[in-house]
Structure formats: C-alpha cells, structure tokens
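Enquirer:
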Amino acid sequence: MKEQKKGLNTICTHVGQLEDKEFKGAISPLYMGTAYAFEDIDVKRYPRYFNTPNQVALAKKIAALEHAEAALIFGSGMAAISTSLMAFLKAGDHIVLQKIIYGGTYNLVVEEFEKFGISYSFTDGFKAEDFEAKIQENTKVIYIETPSNPLLNITDLKAVADLSKKHGIVSMIDNTFASPVNQNPIDFGIDIVIHSATKYMGGHSDICAGAVASTEEYMQRIFHLAKNLGGSLSDYTVWLLERSIKTMGIRVKAQNGNAQRMADYLYNHKDIAAVYYPGLPSHPDHDIAKKQMKGFGGMLSFELNTDFNSSKFQKSLKLIKPAMSLAGVESTVLSPTLTSHSLLSAEERKRQGIADGLIRFSVGIEEAEDLIADIEQALEMVRKEKELAV
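In terms of the UniProt record's numbering, the sequence shown has 8 at position 8, counting the first letter as 1, and numbering is strictly consecutive.
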C-alpha cells in the first residue's frame with residue numbers, strides 16, 4: 001500500500017527523528033561522540049563526514065521538508081553557500097547571479113572568485129531574460145534568491161529552472177527568506193536549495209547553521225568537497241536545530257500573518273515612504289509570489305519619510321529589537337547599510353536600490369497590535385524630537 005503523504009507539521013515533528021531504544025524517550029537522543037568504531041561496520045562515522053547519527057537524522061528531515069532526495073547540514077549559511085557553489089565551479093567557469101542577493105554571498109563572489117579563476121555576471125533584473133542575457137559558453141551555475149534580501153524582490157522559479165535546463169546549467173537558490181514552509185523550489189525545477197538554518201529553521205536567535213538539499217547525485221558532489229573544507233556542525237547544535245524545526249510550521253505561519261498585518265499598516269501610514277512586501281498587491285511581483293509561494297513570509301522592508309531619522313526611530317523602539325540576523329520568534333529591525341550590506345560600496349547599494357534609510361523588519365510572533373503600538377510610539381518620539389530641533 002502506498003504510504004500516505006505526510007503534512008508539514010508531521011514532517012517537522014517526526015521525519016528523521018532518532019528512536020531512543022534504551023529509555024523510550026519521546027525525543028531524539030543526542031550522540032555527542034566524535035570517535036566511532038571502524039572495524040566490522042557498514043558506515044565509518046566522523047563529524048566532518050556529515051554522518052553522525054544526529055547529522056544523518058536531521059538531514060532526512062530537511063530533505064523531506066524541501067521535497068529533495070538528500071540534504072546536508074553545515075556550520076553556517078555561508079558554509080552551505082560557498083561549498084555548494086565551489087562544488088560546481090572551477091577555474092575557467094562562469095556563474096550568473098541575481099542582481100540583489102545577501103551581502104555575504106555578494107562579497108564571497110566579488111572578493112574570492114577571481115582568485116580561483118571563476119568569472120561572474122550579475123543580472124540587471126529578475127526576469128528569465130535578464131539571466132539569459134548574461135549566459136556565456138562557460139556558464140555552469142545560475143544562482144538566485146527569492147524573496148531577495150533586503151528588498152523582497154521575487155524571481156520566477158519555474159522560468160529560471162526551465163532556462164537552466166535549456167542551457168544545461170545547474171540552478172541554485174537561497175531559500176532562506178521563504179523557508180520550506182512557504183516555498184519549495186524543487187517543485188518548480190530548481191536543482192539545489194540552500195538555507196541559512198540560523199534563520200527560520202532555528203527560529204530562536206540561538207543557533208548558527210546552514211543546510212543544502214538536492215538530488216542524491218548533486219549532494220554527493222557537494223559532500224565530496226564539504227568533507228575536505230570541514231564546514232560541519234556540532235552534534236549538540238544539530239540536536240538543538242532538530243528540536244527547533246519541530247515548531248517551524250507553526251512559527252512561520254504565525255509570522256506570515258503578522259507580516260501581512262504590518263505591511264498593510266505601514267503601507268497606509270502617512271510617515272512611511274515605501275514598503276517592500278510580496279504580499280501587498282502593490283508589489284510589482286505580487287502575482288509571481290502568489291503563484292510559487294504558499295505564504296508571503298515574515299520579512300519586509302520599509303523606508304520612513306525622508307525627514308525622519310531611521311536610526312533614531314530604531315533606537316526609540318521598546319518592544320521590537322534593533323538586532324542583526326532575522327527570523328526569530330521576536331520581532332527585530334536593522335539597517336542593511338550598516339549590517340548585511342555594509343561591505344557593499346555606497347554606489348553599489350544605490351545601484352541595487354538599497355537606500356541608506358532602509359529598515360529591514362523581521363516580524364515575530366507577538367500580537368500585531370503590540371507591534372503597531374511600538375512603532376507608533378517610536379514615530380511619535382522621533383516626530384517630537386524633530387519638532388524640538390526646529
């Protein structure tokens with residue numbers, strides 16, 4: 001009999017869970033060992049080989065969540081990104097990347113790839129034709145990020161996947177902002193899905209990790225490099241991450257709802273100059289987002305009117321925390337120009353449309369009314385300070 005397809009929360013809770021055969025506990029036991037037997041066994045286990053019991057179990061869960069055949073867990077999102085890219089690129093190869101991507105990924109490419117003889121091109125937009133225009137004879141990878149960090153641009157997954165297959169190119173996506181709850185790129189034909197598991201998978205601002213999911217064939221290729229680069233994750237953190245993923249479906253859906261409320265509120269606010277959120281009908285890519293996302297996510301960005309100081313506004317918040325990173329259960333804000341995209345030149349940020357006053361808002365699970373009240377009091381404080389200065 002065909003096995004019934006499991007629901008999201010069931011996968012989050014049960015798939016890949018280790019059985020406690022000795023004490024029958026309800027959760028996965030934690031195996032902290034770094035030294036395992038090597039004689040008369042099928043698998044020689046070692047943490048750097050990504051095959052300890054906890055590593056293997058969690059990889060099964062993430063693969064199931066992304067509708068993939070296999071997955072690997074890494075020590076950080078950038079470890080996952082860099083290993084995946086370098087597994088498919090060598091000297092003389094070329095990569096096409098989306099125009100606006102996570103600052104760390106951008107820095108990796110522009111600061112390191114030349115050393116390895118790898119050339120690259122950034123697109124001028126987010127449509128399939130923008131990517132096709134940059135393809136060369138030696139292009140081996142197309143790399144996208146949707147929704148993008150920090151402007152929440154949307155790239156058509158199926159169009160990019162079809163383009164990649166047409167030219168025999170491997171397609172990769174950073175799926176961090178969406179999470180597997182809201183978007184499964186493999187269903188649209190994307191080859192390799194990457195996450196900063198620090199974000200929605202971890203969800204509590206206390207774990208640093210990365211994840212990659214794909215076919216068995218591609219994951220073997222990534223593993224071959226990964227074991228040499230050594231970007232594995234400690235089993236204790238693996239165990240914590242598995243615990244956190246159990247509630248990911250519930251958390252992310254709550255954050256989706258809150259983010260939509262906050263986007264609607266900010267969009268209609270007289271003191272807000274712009275709001276970037278794919279769930280708004282005014283978003284230029286709203287229709288594409290509806291087609292490929294199950295939810296619009298917990299991330300948005302906005303700009304205050306030019307006469308408001310964004311730094312003072314963030315410092316005036318009492319409930320929402322100005323903090324680096326994103327996707328925790330608590331709401332946070334940050335300035336991309338001072339954090340995630342600080343290493344980009346002012347000219348490059350301007351080219352990408354990242355204004356100095358842009359505020360990235362990671363919406364948590366608090367009551368939306370409380371978040372609105374906090375923003376209102378912060379705006380009022382900045383407004384009064386501005387009036388006093390005049």
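Quick reminder that beta carbons are idealized off the backbone N, C-alpha and C, glycines included.
1. Just to confirm my understanding: we take tyrosine 236, look at its own chain, exclude 5 residues before and 5 after, and list those with CB closer than 7 Å. What are they?
2. Any chance the region 136–155 sits against the region 81–96, with 3 or more Cβ pairs inside 8 Å?
3. What do you reckon, are the CB atoms on phenylalanine 50 and alanine 226 nearer than 8 Å?
4. With a 10 Å radius around its C-beta and 16 neighbouring C-beta atoms as the bar for buried, classify proline 284 as buried or exposed.
5. Out of Ile365, Ala70, Asp191 and Lys90, state which residue places its alpha-carbon closest to the alpha-carbon of lysine 253.
6. Once the 5 residues before and after alanine 274 are set aside, which same chain residues still bring their CB inside 7 Å of it?
7. Taking the straight line between their C-alpha atoms, what separation do you get for cysteine 208 and alanine 71?
8. Would you call the region 187–197 and the region 33–47 in contact, with 3 or more CB pairs under 8 Å?
9. Quick check on the burial criterion: 16 or more other C-beta atoms within 10 angstroms. Buried or exposed for leucine 152?
10. Name the residue from Leu229, Lys165 and Lys6 whose alpha carbon lies nearest to the alpha carbon of leucine 85.
11. Rounded to a whole number of angstroms, what is the C-alpha to C-alpha distance between glutamate 129 and glycine 353?
12. Across which residues does DSSP place aspartate 307 in a beta bridge pair?
13. Any idea which residues DSSP pairs glycine 210 with across the strands?
14. In the DSSP assignment, what are the bridge partners of histidine 94?
15. At which residues does the beta strand (DSSP E) containing phenylalanine 361 begin and terminate?
16. Residues in its own chain within less than 6 Å of proline 150 by CB, not counting five upstream and five downstream?
17. Mind checking who threonine 198 pairs with in its DSSP beta bridge?
18. How about glycine 297 and alanine 178: do their beta carbons lie closer than 8 Å?
19. So, residue 465 versus leucine 334, is the Cβ gap smaller than 8 Å?
20. Determine the burial state of threonine 34: buried for a count of at least 16 other Cβ atoms within 10 Å of its Cβ, exposed for fewer.
21. Between which two residues does the beta strand (DSSP E) holding methionine 172 run?
22. Which word fits aspartate 20, buried or exposed, when buried means at least 16 other C-beta atoms lie within 10 angstroms of its C-beta?
23. For histidine 224, count the other beta carbons within 10 Å of its own beta carbon; 16 or more makes it buried, fewer makes it exposed. Which is it?
24. To the nearest angstrom, report how far apart glutamine 220 and arginine 243 are at their CA atoms.
25. Glutamate 380 and lysine 312 look like a contact to me (Cβ under 8 Å); what is the Cβ gap, rounded to whole Å?
26. Just the Cα atoms here: how many angstroms apart are leucine 8 and threonine 105?
27. Who does leucine 334 pair with in a DSSP beta bridge?
28. May I have the straight-line CA-CA distance separating glycine 75 from leucine 163, to the nearest angstrom?
29. In whole angstroms, give me the CA-to-CA distance for glycine 168 and leucine 317.
30. Opposite isoleucine 144 in the DSSP bridges: which residues?
Expert: A quick look at the data gives this:
1. Taking the first residue of the sequence shown as 1, we reach residue 236 at position 236. For tyrosine 236, where only same-chain residues beyond five positions count, the Cβ hits under 7 Å are Leu30 and Met32.
2. yes
3. By 1-based counting over the sequence shown, the position of residue 50 is 50. By 1-based counting over the sequence shown, the position of residue 226 is 226. Their beta carbons are under 8 Å apart, which means phenylalanine 50 touches alanine 226 by this criterion.
4. Your numbering for residue 284 matches position 284 in the sequence shown. When all chains shown are included, proline 284 counts as exposed.
5. Reading the sequence shown from its first residue, position 253 is the one you call residue 253. Of the candidates Ile365, Ala70, Asp191 and Lys90, the one whose C-alpha sits nearest the C-alpha of lysine 253 is Ile365.
6. Sequence index remark: in the sequence shown, residue 274 carries index 274 (1-based). Within the same chain, alanine 274 has close Cβ partners Phe302 and Glu303.
7. To locate residue 208, count along the sequence shown from 1; it is residue 208. To locate residue 71, count along the sequence shown from 1; it is residue 71. Those two C-alpha atoms are separated by around 17 Å.
8. no
9. Position 152 of the sequence shown, counted from the start, is the residue given in the question as residue 152. The residue is buried, with at least 16 neighbouring Cβ atoms inside 10 Å.
10. Here residue 85 refers to the residue found at position 85 when the sequence shown is read from its first residue. When only C-alpha atoms are compared, the closest one is Leu229.
11. For the purposes of this step, residue 129 is taken as the residue at position 129 of the sequence shown. For the purposes of this step, residue 353 is taken as the residue at position 353 of the sequence shown. Answer to the nearest angstrom: the Cα atoms are 20 Å apart.
12. Counting from one through the sequence shown, the residue named residue 307 turns up at place 307. DSSP output for aspartate 307 lists no bridge partner at all.
13. Here residue 210 corresponds to residue number 210 of the sequence shown, with the count starting at 1. DSSP output for glycine 210 lists Phe74 as bridge partner(s).
14. One-based indexing of the sequence shown puts residue 94 at position 94. The partner list for histidine 94 (beta bridge, DSSP) reads Ser119 and Thr139.
15. What you label residue 361 is simply residue 361 of the sequence shown in a count that begins at 1. Per DSSP, phenylalanine 361 belongs to the beta strand (DSSP E) from 358–362.
16. In the sequence shown, the residue the question calls residue 150 occupies position 150. Contacts found: Ser301, Pro336 and Arg360.
17. Position 198 of the sequence shown, counted from the first residue, corresponds to residue 198. Paired residue(s): none; threonine 198 is not in a bridge.
18. As a first step, residue 297 is located in the sequence shown; it is residue number 297 there, counting from the start. As a first step, residue 178 is located in the sequence shown; it is residue number 178 there, counting from the start. Result yes, Cβ atoms of glycine 297 and alanine 178 sit closer than 8 Å.
19. This structure leaves residue 465 out entirely; the chain is present only between 1 and 390.
20. As a first step, residue 34 is located in the sequence shown; it is residue number 34 there, counting from the start. So threonine 34 counts as exposed.
21. Locating residue 172 in the sequence shown gives position 172, where the first residue counts as 1. That run of the beta strand (DSSP E) goes 170–174.
22. To locate residue 20, count along the sequence shown from 1; it is residue 20. Counting Cβ neighbours within 10 Å, aspartate 20 comes out exposed, since fewer than 16 surround it.
23. Taking the first residue of the sequence shown as 1, we reach residue 224 at position 224. Burial call: exposed.
24. Here residue 220 refers to the residue found at position 220 when the sequence shown is read from its first residue. Here residue 243 refers to the residue found at position 243 when the sequence shown is read from its first residue. In a straight line, the C-alpha of glutamine 220 is about 26 Å away from that of arginine 243.
25. Within the sequence shown, residue 380 is the residue found at index 380, counting from 1. Within the sequence shown, residue 312 is the residue found at index 312, counting from 1. With a Cβ gap of about 12 Å, glutamate 380 and lysine 312 do not count as contacting.
26. Here residue 8 is taken as the residue at index 8 of the sequence shown, counted from 1. Here residue 105 is taken as the residue at index 105 of the sequence shown, counted from 1. Computed Cα separation, rounded: 29 Å.
27. To locate residue 334, count along the sequence shown from 1; it is residue 334. For leucine 334, which the question treats as bridged, DSSP gives the partners Arg360.
28. To locate residue 75, count along the sequence shown from 1; it is residue 75. To locate residue 163, count along the sequence shown from 1; it is residue 163. For glycine 75 and leucine 163, the distance between alpha carbons rounds to 31 Å.
29. As a working mapping, residue 168 is identified with position 168 in the sequence shown. As a working mapping, residue 317 is identified with position 317 in the sequence shown. Looking at the two C-alpha atoms, the distance is approximately 50 Å.
30. As a working mapping, residue 144 is identified with position 144 in the sequence shown. Isoleucine 144 is bridged to Ile173.
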